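**Q** Have a look at this one before I ask anything.
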Amino acid sequence: MDFNLTEERAMLRDMLQRFLGERYDHDARRKLIASGAAYDTDILTELAKLGILGAMFSEDDGGFGGTGFDLLVVFEELGRAGTIEPVVGSAVLAGGLLAELGNASQKTLIDEVIGGATVLALAHGEPQSRYDLSHVHTTAQADGSQIVLNGTKTHVINGAQAETLVVSARENGTKDDELGISLFLVPFAFEGVTCIDHRNVDDTSGARIVFDNVRLAESDRLGKAGNAFAALETATARATLAVCAEAVGAMEAAKALTVQYLKERKQFGVPIGKFQALQHRMVDVLIEIEQARSAVVNLAGNLEAERNIRERHVSATKNLIGRVGALVAEESIQMHGGIGMTDEYALSHLVRRLTMIDHLFGDVDHHLERFITLSAA
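If you want it as structure tokens, here you go:
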């Protein structure tokens, strides 16, 4: 198998790397966060102009990519730079569901996402759902020609910044049934929608959103009633690949900072990188990062495989990324000492992002159990 990037993807990577290197750094991100902003709208607009958001969608949906390797290339660079812009939640999760289930009129929103004019968010997780995609308590009940939505969604990525929400709700079945789950497009400004914004440990934005007798039309539903679970699982698989690739980029950045520090920090008159014990630890970090990269490449190549194969690769990769991310974070901070934990130093942000990624879409324990279950099946 040829793991080299195509010419187009190599150009996309190099262009994104140059742009982020010139326009995005840790000090700028700290100032942005201190201002209270969730992300840099100018950066998101520039990413749209460069075609980065379009790379999340297929040509049929108005983009020019959408494959697993397109996600890998883009998110590794976003992770390396430590970006906090709403690409995963808007373009990959909500945008991906809109592309798969939306009708012609609903899909006009995709053009706005690709152009950076609008932000979408998927409101799916609930207070008791943990990482179970089929655990949906939010209800969608028919009332004449309308549908009434009631329920609470938690940890909605960039939920407070989204103009439109893609909301999961149960039209029939019990709380854990895969059948009976539907998706609806809900404008953020609708009456009955209440949002509480919060900042995550990695400074990204999350939200708790309550739907209290929100009235929708039949035309607000995405796809057929009660048949959204498969699309949710597919979109989550794509988002998992995205954050795993982002984690690899963050690990590479943490490794680079640590190597540079080992060359500059002196003890007993010599750089501490000369000490064999620290060299051995850095070799372990390098090997683990390469293993993580191989797993992400493998997942990208199996993203279009049949469901059981794809989901086994999803869980295997997410489990490995969580374990390697923890190792890289711990070793990098320990070899830096106290400076590695300060907010002024970029490593602290990378470590917090790696910690957050472990808990997005299922942590190491969840995916280990899931992999065992899928393998037994």
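Residue numbers for the sequence shown follow this note's numbering, so the first one is 48 and each next one is one higher.
Backbone N, C-alpha and C define an ideal beta-carbon position, used for all residues, glycine too.
The structure displayed is predicted, hence computed values, not measured ones.
When you compare each of VAL166, GLY98 and ALA138 to THR88 by their alpha carbons, which one comes out closest?
**A** VAL166
**Q** Can you tell which of GLN193, HIS171, ASP267 and MET382 has the C-alpha that lies nearest to the C-alpha of ARG280?
**A** One detail in the question is off: residue 280 reads as Glu in this sequence, not Arg. Minimum Cα distance to GLU280 is reached at HIS171.
**Q** Specify whether the segment 299 to 319 and the segment 132 to 139 touch according to this definition: at least 3 beta carbon pairs, one from each stretch, less than 8 Å apart.
**A** no
**Q** Kindly confirm or deny that the segment 252 to 268 and the segment 320 to 335 touch, where touching means at least three C-beta pairs closer than 8 Å.
**A** Verdict: no, contact absent.
**Q** What do you get for VAL117, buried or exposed, if any count of 16 or more other CB atoms within 10 angstroms of its CB means buried?
**A** According to the sequence provided, residue 117 is Asp. The question's Val does not apply to it. Classification of ASP117: buried, given that the 10 Å Cβ count is 16 or more.
**Q** Mark THR155 as exposed unless 16 or more other C-beta atoms lie within 10 angstroms of its C-beta, in which case mark it buried.
**A** exposed
**Q** Nearest by alpha-carbon distance to GLY163: which of LEU97, ALA376 and GLN314 is it?
**A** LEU97
**Q** With distances taken from CA atoms, which of ILE99, CYS242, THR199 and TYR86 is nearest GLN175?
**A** THR199
**Q** Any idea if GLY316 is buried or exposed, counting beta-carbon neighbours within 10 angstroms, 16 or more meaning buried?
**A** exposed
**Q** Taking ILE204 as the reference, which of ASP412, MET382, PHE408 and THR185 has the closest Cα?
**A** PHE408
**Q** Let me check understanding here. Comparing Cα to Cα, which of ILE243, LEU374, VAL248 and SER266 lies closest to SER229?
**A** Comparing Cα positions, the closest option is SER266.
**Q** VAL120 and LEU52 - do their beta-carbons sit closer together than 8 Å?
**A** yes
**Q** Taking the beta strand (DSSP E) that VAL233 belongs to, which residues open and close that run?
**A** In the DSSP assignment, VAL233 falls within the beta strand (DSSP E) that extends over 228 to 234.
**Q** Out of ASP259, GLY206, ASP224 and CYS291, state which residue places its alpha-carbon closest to the alpha-carbon of PHE235.
**A** GLY206
**Q** Does DSSP put ASP87 in a helix, in a strand, or in coil?
**A** coil
**Q** Among ASP108, ARG370 and ARG268, which one has its Cα closest to the Cα of ALA189?
**A** ARG268
**Q** Based on the DSSP secondary-structure assignment, which residues constitute the bridge partners of THR199?
**A** VAL257
**Q** Closest by CA to LEU288, which one among THR92, HIS360, ALA272 and ALA264?
**A** Sorting THR92, HIS360, ALA272 and ALA264 by C-alpha distance to the C-alpha of LEU288 places HIS360 at the top.
**Q** Anyone know if the C-beta pair for ASP108 and ALA146 falls short of 8 Å?
**A** yes
**Q** Indicate whether ARG340 and MET382 have their beta-carbon atoms separated by less than 8 Å.
**A** no
**Q** Count the CB pairs spanning the segment 388 to 397 and the segment 339 to 355 that are closer than 8 Å, and state whether there are at least three.
**A** no
**Q** Assuming ILE386 and GLU293 are in contact, meaning their beta carbons sit under 8 Å apart, how far apart are those beta carbons, in whole angstroms?
**A** With 8 Å as the limit, ILE386 and GLU293 do not qualify as a contact, their Cβ atoms being about 24 Å apart.
**Q** Taking the beta strand (DSSP E) that VAL214 belongs to, which residues open and close that run?
**A** Looking at the DSSP string, the run of the beta strand (DSSP E) that includes VAL214 is 211 to 217.
**Q** Alpha carbon to alpha carbon, how far is CYS242 from VAL214? Give it in angstroms, no decimals.
**A** 13 Å
**Q** Mind checking who ILE194 pairs with in its DSSP beta bridge?
**A** ALA189 and LEU263
**Q** When the distance is taken between beta carbons, is GLY101 closer than 8 Å to THR110?
**A** One detail in the question is off: residue 110 reads as Gly in this sequence, not Thr. Yes, they are a contact pair.
**Q** Would you please state the rounded distance, in angstroms, between the beta carbons of LEU196 and LEU263? I believe it to be under 8 Å.
**A** 6 Å
**Q** By a C-beta neighbour count over all protein chains shown, 10 Å radius and 16 as the cutoff for buried, is GLY191 buried or exposed?
**A** Residue environment for GLY191: exposed (fewer than 16 other C-beta atoms within 10 angstroms of its C-beta).
**Q** VAL240 lies in the beta strand (DSSP E); which residues open and close that run?
**A** 240 to 246
**Q** What does DSSP give as the partner residue(s) for LYS313 in the beta ladder?
**A** PRO318
**Q** Could you check the C-alpha separation between GLU416 and ALA347 for me, to the nearest Å?
**A** Taking the straight line from one Cα to the other gives about 22 Å.
**Q** Using only alpha-carbon positions, find the residue among GLU106, GLU55 and GLN326 that is nearest to LYS310.
**A** GLN326
**Q** Can you give me the Cβ contacts of VAL371 inside the same chain, cut-off strictly under 6 Å, excluding the 5 residues immediately before and after it?
**A** By the criterion of a C-beta distance shorter than 6 Å, VAL371 is surrounded in its chain by GLU335 and ALA339, once the five residues flanking it on both sides are discounted.
**Q** Assuming LYS302 contacts VAL375 under a Cβ cut-off of 8 Å, what Cβ separation, rounded to an integer in Å, is found between them?
**A** 7 Å
**Q** Short of 8 Å in beta carbon distance, which residues of its chain neighbour LEU367, apart from the five on each side in sequence? Order them along the chain.
**A** GLN338, ALA339 and ALA342
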